[in-house]
Amino acid sequence: MKKEIKDTIIVGLGEKIKEYPHFYLVDVSGLNAEQTSTLRRKCFKSEIKMVVVKNTLLHKAFEDSEIDFSPLYDCLVGNIAVMFSNTANIPAKLLKEYKKEGIPALKAAYAEEGFFIGADKLDELASLKSKNEVIAEVVALLQSPVKNVLSSLQSSAGTIHGVLKTLGERPE
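Per this note's numbering, the sequence shown starts with residue 14, numbered consecutively.
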């Protein structure tokens, strides 16, 4: 491969690292062509950008980045695919589907500005909540007390109305 092509690939990887806040390093050495195509289709449907890349080129892209990715250097062995995503837990959920087969296997991940190294971290990564899920939970929690107050006021209004009606009907 010519140096110009390598430089272009390194720059492209660097741009993807900046563009996507989360990425997973996945070992795809046991996948055949059909399985790889199926995985790519599932990634596309889940809005995950999957790139199979040479380890040395990814290493250079990491080195050129502003973030220190040195904890991931030891994981750059074998056939590596990088799964780029805007949501931290979506690639982990996709990989959990393949957990029984063990292929593709998670090597490491960079999610929520933290490093997760090892296949044992897959459950932890899948349980991470996305930004939208956290916002939805906060909104639900904020709405809950308001609903309780409104419900109490509505039931109290009915009670007060009933008491006043009873007092009004009572002979003096």
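Just so you know, even glycine gets a beta-carbon here, dropped at the ideal spot from N, CA and C.
Residue i - DSSP class collapsed to helix/strand/coil
i              : result
tyrosine 123   : strand
leucine 44     : coil
isoleucine 80  : coil
proline 104    : helix
isoleucine 23  : helix
lysine 109     : helix
isoleucine 30  : helix
asparagine 145 : helix
Same chain, Cβ closer than 7 angstroms to residue i, neighbours up to 5 away in sequence not counted
i              : result
valine 152     : none
isoleucine 116 : Gly43, Leu44
For residue i, the residue or residues it bridges with in DSSP
i                 : result
alanine 94        : Val39, Val65
phenylalanine 129 : Ala122
Proximal residues to residue i (C-beta, below 8 angstroms), its chain only, five neighbours per side dropped
i         : result
valine 66 : Ile22, Leu26, Ile93, Ala94, Val95
lysine 62 : Lys29, Tyr33, Cys56, Met96, Phe97, Ser98
Sequence-distant residues of its chain with Cβ nearer than 6 angstroms to residue i (five each side left out)
i                : result
alanine 121      : Leu38, Leu85, Cys88, Ile130
valine 24        : none
phenylalanine 82 : Phe75
Point to revise | the stretch 77 to 89 in contact with the stretch 98 to 107 per 3-pair CB rule at 8 angstroms | key: no
Review point. Can we say the stretch 22 to 32 touches the stretch 52 to 60, given the rule of at least three CB pairs closer than 8 angstroms?
Key: no
Check your understanding: With a cut-off of 8 angstroms, do at least 3 Cβ pairs link the stretch 87 to 96 to the stretch 38 to 45?
Key -> yes
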